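Here the structure is laid out as structure tokens; the discussion comes afterwards.
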Amino acid sequence: MPQKRSLLATGAAVTATAVIGGLGTDVRSRWYANLDKPAWQPPGWAFGPAWTTLYALVATGSARALDRASTEERRTLWRALATNLVLNAGWNWLFFKARRPDLALAEVLVLEASSLDLARRAGRADPVAGRLFWPYAAWVAFATALNASIARRNRRSG
1 MPQKRSLLAT GAAVTATAVI GGLGTDVRSR WYANLDKPAW QPPGWAFGPA
51 WTTLYALVAT GSARALDRAS TEERRTLWRA LATNLVLNAG WNWLFFKARR
101 PDLALAEVLV LEASSLDLAR RAGRADPVAG RLFWPYAAWV AFATALNASI
151 ARRNRRSG
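First residue of the sequence shown? That's 1 in this note's numbering, and the numbers climb one at a time after it.
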């Protein structure tokens with residue numbers, strides 16, 4: 001179990017990400033409702049529980065890894081986590097607020113690379129911590145495929 005101080009810090013970081021990302025999300029907009037989405041898109045109600053679980057895993061995995069990492073590894077792990085969380089929250093703003101699934105796709109590809117890197121770094125410090133990131137990386141990969149499908153189906157006319 002991670003130390004309370006580390007878990008509070010990583011919990012605060014993922015909570016801030018959820019809030020900032022949520023502010024950039026508008027699933028009730030006419031624009032979003034009119035997008036051509038694939039049949040395999042999960043129902044809207046599934047996203048809240050999925051992201052709550054994933055954020056809890058990210059906070060716990062990060063805290064475990066930070067507790068077990070060397071001083072230098074902690075610095076790089078915090079930077080990797082911060083980068084990942086900025087990318088995570090930023091996707092919502094590109095997709096929903098900017099209404100640019102094409103730019104959001106480019107961004108989510110970087111987010112997936114960041115997520116895999118974060119899992120690798122956490123796993124070096126603590127194998128259990130690294131495994132806690134696998135569902136997150138898998139969900140981001142799924143989100144990448146979903147974003148790609150939406151971007152392809154809704155190409156902007158030049």
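Glycine included, C-beta positions come from ideal geometry on N, C-alpha and C. In this text the structure is predicted, and so the values were computed from the model without any measurement.
- Expressed to the nearest angstrom, what Euclidean distance is found between the alpha-carbon atoms of K169 and V14? Only positions 1 to 158 of the chain appear in the structure, and residue 169 is not among them; the question remains open.
- Sub-8 Å separation of S149 and P43 beta-carbons: no
- Task: Could you name the residues of the same chain whose beta carbon sits closer than 7 Å to that of F47, not counting the 5 residues immediately before and after it, in chain order?
- Result: none
- My understanding is that N147 touches A104, with C-beta atoms under 8 Å, so please give their C-beta distance in whole angstroms. 6 Å
- Message: Measuring alpha carbon to alpha carbon, tell me which residue in E112, N92, A80 and L7 is nearest V27.
- Response: N92
- Quick one, are the C-beta atoms of E112 and L94 less than 8 Å apart? no
- Message: Let me check understanding here. Comparing Cα to Cα, which of F96, W40 and V110 lies closest to N84?
- Response: V110
- Item | Simplified DSSP assignment, three categories, for V27 | coil
- Item | Residue range of the alpha helix (DSSP H) that includes A138 | W134 to R153
- Distance, A145 Cα to T76 Cα: 29 Å
- Task: Give the straight-line distance between the Cα atoms of R153 and R100, rounded to the nearest whole angstrom.
- Result: 13 Å
- Query: At which residues does the alpha helix (DSSP H) containing L54 begin and terminate?
  - Reply: F47 to R68
- For A33 versus A129, is the C-beta spacing smaller than 8 Å? no
- Query: When DSSP labels each residue in this structure, what does A241 get in the three-state scheme?
  - Reply: The requested residue 241 is not part of the displayed model; the chain covers only 1 to 158.
- Task: Take A63 as the anchor and find which of N88, G123 and F96 has the nearest alpha-carbon.
- Result: G123
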